[in-house]
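Protein chains in written order, with our numbering: chain A, 14 to 489; chain B, 124 to 467; chain C, 68 to 202. Each residue gets a CB set at the ideal place from its N, CA and C atoms; glycine is no exception. Keep in mind that this is a model prediction, so the values were computed, not measured.
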């Protein structure tokens with residue numbers, strides 16, 4: 014039966030969807046968060062394994078062209094599932110310590126992951142919209158998880174209102190593009206001949222919708238508040254999986270629906286990339302709260318990634334995918350350690366000054382934090398450096414030299430705020446006599462794996478870059 | 124019917140006009156009759172006689188007298204009420220419940236309008252009722268009204284789900300939403316040679332579907348045992364507390380119209396609509412109207428009968444019945460009917 | 068196509084006119100003697116206390132949300148029900164999956180006690196908070 018083969022092409026989606034429902038039922042009947050946690054890990058790992066094996070499988074379309082699989086989509090799935098799996102592993106200890114360990118969290122995470130998987134495998138604007146909405150609605154709930162903490166509620170409400178607004182833009186864009194091209198399939202939009210007012214308005218609104226989801230300046234206002242207010246491991250999930258999914262979908266739309274209009278949207282993205290890098294880095298410099306700092310740093314990273322999008326070549330797209338992978342690894346790691354420090358003193362223990370002298374109390378955590386932060390700066394032996402290098406190189410090939418210069422300067426400036434955390438960790442005296450407990454084995458192990466991957470792909474990027482490069486040699 | 128009208132009226136807008144006001148006339152006459160009937164049924168079930176004096180024979184003109192009395196009452200709008208909404212609410216309720224009758228086929232020769240999505244239209248327009256109830260309760264600026272309106276709206280929207288799901292399980296069998304076509308499918312005597320070709324005899328699950336539909340429609344029409352909106356012991360008058368005189372009368376007419384509407388829908392979907400129970404005997408457009416109204420009135424009578432038989436539910440029991448029993452059951456029944464249709 | 072709905076419009080207009088006529092008649096025939104007692108809110112004969120437009124139980128909002136979910140899902144079943152006999156088994160199983168997921172959602176909300184009206188005390192937010200934590 015051919016429909017059975019079609020179902021195989023979306024196997025990770027099916028696994029995660031079924032897992033979400035299963036965990037929801039576990040919650041309803043047993044109420045046990047431990048069981049839900051175990052089930053979530055098992056299902057996420059299975060989906061990750063399937064997605065990794067799909068990387069080497071065929072590429073194509075299924076479900077009458079609604080879904081695209083293999084290649085970029087599979088890599089998007091790998092990104093999403095990596096983000097999901099590691100944030101779930103880190104979540105348990107953190108949520109247990111802060112008293113918010115309820116089984117619903119895991120089903121919401123799984124539903125959000127389902128939306129992201131749909132987003133990265135969409136070949137049609139309607140599928141894309143479905144994915145974005147499933148993802149966003151679950152994330153709004155997750156942001157407001159700690160409902161007796163004011164910041165969390167504020168984060169959820171802000172995220173919801175602004176997110177709904179941005180969704181409106183996206184939907185208007187889709188509607189106008191449909192009006193201009195008569196279809197919501199990406200390939201049909203690419204074939205539009207009559208590029209009139211409606212077409213350009215549609216493209217513009219679509220870009221605005223995406224800029225919001227990837228938190229590009231000036232649509233970034235929600236990011237710091239939401240990242241600070243949400244529980245830290247949930248923030249890790251939002252910052253990595255959802256952003257990676259949005260970027261992959263952005264690449265799909267740009268490369269498949271709008272390849273002919275590249276000259277036009279490239280200029281727009283050029284401008285927004287510039288703004289995002291400059292504003293993100295400057296605002297990160299003055300943050301005293303580590304979570305806010307990481308939020309602004311994620312805005313800055315979005316800026317670097319957008320350089321690759323502005324270049325818009327196949328090499329640039331594969332560089333962007335690599336960057337997203339490195340970004341996912343190091344961000345989850347950094348947020349994981351913030352979460353670890355946080356569980357000793359509660360939700361507000363995230364000021365930089367709180368970290369004074371903590372580095373030597375649990376050296377392994379201090380060292381891991383340095384690895385992730387150095388990787389974010391973009392210092393050679395780590396994956397973050399390779400990501401930045403490849404994106405900048407692809408942009409230079411396309412002649413975007415001024416943009417790359419700004420990017421390099423911005424990342425030089427970023428050294429200050431990343432190293433400031435390390436200075437507090439290792440070079441200041443501890444003020445409050447806090448005693449750090451030992452993190453769990455799984456917690457440490459997952460952070461170690463993340464750090465190991467960061468270093469491995471920093472030293473040996475060829476494994477991944479060759480694979481990513483091969484995605485773009487095949488034409489659909 | 125349309126040809127008959129056209130034979131002595133100038134063709135065009137006037138025919139359409141006369142054609143479409145017939146339901147309104149039927150309902151107004153019916154409402155007067157049904158209110159009298161309710162009193163008589165109530166009386167006789169309790170071993171009383173009910174109204175006996177007004178008009179002579181068994182107090183037949185009691186409701187007309189009541190109507191005249193109501194018209195002479197003072198038209199009161201509370202000082203603190205939201206005047207506009209307060210005045211609008213009865214009109215919306217009245218118009219919505221009466222407009223729904225347009226899609227009901229009263230006989231093989233008469234239907235107000237051949238709307239293709241007939242049953243869908245009826246479901247859609249009757250859901251305006253809960254809007255008018257919320258409007259009335261909110262505008263009154265009275266605690267009883269607001270509480271009653273919230274409860275009534277919660278009840279109405281909750282029971283709308285099982286109603287619609289059972290309607291859908293009939294639609295699975297008929298394959299059309301047009302009630303005229305649904306009725307035409309039920310013409311003749313197919314089952315076992317003598318049973319009429321009605322949908323209730325179609326499969327055992329249709330009987331279950333009808334029972335579910337009838338229970339849900341009792342709640343939709345706010346009849347006992349689901350008449351929480353009128354539970355005077357807790358809520359005084361519910362959303363109608365501040366209404367008096369003719370404005371209250373309009374709500375009353377709406378309730379009775381709603382009862383007939385749901386009974387007629389039930390008769391059309393399950394009991395062959397205007398089809399005669401005796402095959403071609405006593406068949407035809409005029410007899411059709413007779414059978415249709417008779418079937419509707421029998422269901423209305425059962426509703427009145429239940430009122431004096433069953434006690435009222437509590438508000439939490441009301442929600443339990445709907446969400447824990449009726450909705451799952453109606454979905455299961457929908458699946459079973461679809462399976463039955465696939466196999467046979 | 069749309070002329071099917073002309074009778075609907077006519078009937079609505081006529082219903083409104085009839086209702087208007089009743090009200091106008093009552094205005095003409097009935098007395099008009101407003102008094103402050105008569106125009107006040109009815110509160111079992113006492114003077115009204117405070118405003119009527121107060122906060123009310125969250126259960127009503129939950130019911131409203133559940134209704135929207137189910138009503139929307141039912142809208143998807145309409146086209147299935149009409150064309151089901153022509154499309155056959157594939158459509159049937161697709162719809163079964165759809166209804167199954169919907170059913171799981173219902174089971175979840177039932178288990179979580181969305182419809183247990185008596186179990187949730189109105190003012191007692193603290194106890195709700197603690198019952199929510201699963202240790």
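Item, Value
"Close Cβ partners of residue 392 of chain A (< 7 Å) along its chain, the five nearest in sequence each way excluded", "398"
"Residue 82 of chain A - containing beta strand (DSSP E), residue span", "80 to 82"
"Buried versus exposed, by CB contacts within 10 Å (16 or more), residue 361 of chain A", "exposed"
"Residues that residue 105 of chain C contacts on chain A, provided the C-beta gap is smaller than 9 Å", "Within 9 Å Cβ-Cβ: nothing; residue 105 of chain C doesn't reach chain A, min ~45 Å."
"Min CB distance residue 149 of chain C to chain A below 9 Å", "no"
"Helix, strand or coil at residue 73 of chain A according to DSSP, with G and I counted as helix", "strand"
"Short CB-CB distance (under 9 Å) between residue 157 of chain C and chain A", "yes"
"Touch test, the segment 17 to 36 of chain A against the segment 54 to 72 of chain A, Cβ-Cβ under 8 Å, three pairs minimum", "yes"
"Backbone secondary structure at residue 364 of chain A - three-state DSSP", "strand"
"Under 9 Å between C-beta atoms of residue 212 of chain B and residue 379 of chain B", "no"
"9 Å Cβ cutoff, residue 209 of chain C in contact with chain A", "In the structure displayed, chain C extends from 68 to 202; residue 209 of chain C sits before or after that span and is not available."
"Residue 228 of chain B - DSSP class collapsed to helix/strand/coil", "strand"
"Interface flag, residue 221 of chain B vs chain C, CB-CB below 9 Å", "yes"
"Touching by the beta-carbon criterion (3+ pairs, under 8 Å), the segment 212 to 221 of chain A and the segment 184 to 194 of chain A", "yes"
"Interface flag, residue 83 of chain C vs chain A, CB-CB below 9 Å", "no"
"Contacts of residue 171 of chain C in chain A (Cβ-Cβ under 8 Å)", "34, 37 and 38"
"Range covered by the alpha helix (DSSP H) that runs through residue 295 of chain B", "266 to 297"
"Within chain C, the residues that residue 41 of chain A reaches when beta carbons sit closer than 7 Å", "174, 175, 178 and 179"
"Supposed close pair residue 196 of chain B, residue 375 of chain B - CB separation, criterion 8 Å", "About 13 Å separates the two Cβ atoms, so there is no contact after all."
"Beta-carbon proximity check, residue 427 of chain B vs residue 164 of chain B, cutoff 9 Å", "yes"
"According to DSSP, residues forming a beta bridge with residue 450 of chain A", "The partner list for residue 450 of chain A (beta bridge, DSSP) is empty, contrary to what the question assumes."
"Closest by C-alpha distance to residue 275 of chain B, when choosing among B/465, B/453, B/462 and B/439", "B/439"
"Residues of its chain near residue 176 of chain B, where Cβ-Cβ distance is below 7 Å and the 5 sequence neighbours each way are ignored", "182"
"Which listed residue (B/142, B/302, B/393 and B/291) has its alpha carbon closest to that of residue 323 of chain B", "B/393"
"Residue 129 of chain C versus B/435, B/273 and B/350, residue with shortest Cα-Cα distance", "B/273"
"Residue 75 of chain C versus B/209, B/207 and B/219, residue with shortest Cα-Cα distance", "B/219"
"Alpha carbon of residue 203 of chain B to alpha carbon of residue 77 of chain C, nearest angstrom", "34 Å"
"Complete runs of the alpha helix (DSSP H) confined to the segment 126 to 184 of chain A [at least 4 residues]", "138 to 156"
"Test: residue 213 of chain B CB closer than 9 Å to a CB of chain C", "yes"
"Chain-ordered residues of the segment 360 to 378 of chain B with a beta carbon less than 9 Å from chain C", "360, 364, 365, 368, 369, 370, 372, 373 and 376"
"Own chain residues within Cβ distance below 7 Å of residue 193 of chain B, not counting five before or after", "368, 369 and 372"
"Proximal chain B residues relative to residue 98 of chain C, where beta-carbon distance stays under 9 Å", "195, 196 and 197"
"Beta carbon of residue 463 of chain B nearer than 9 Å to that of residue 109 of chain C", "no"
"Beta carbon proximity, residue 16 of chain A to chain C, threshold 9 Å", "yes"
"Interface flag, residue 125 of chain C vs chain B, CB-CB below 9 Å", "no"
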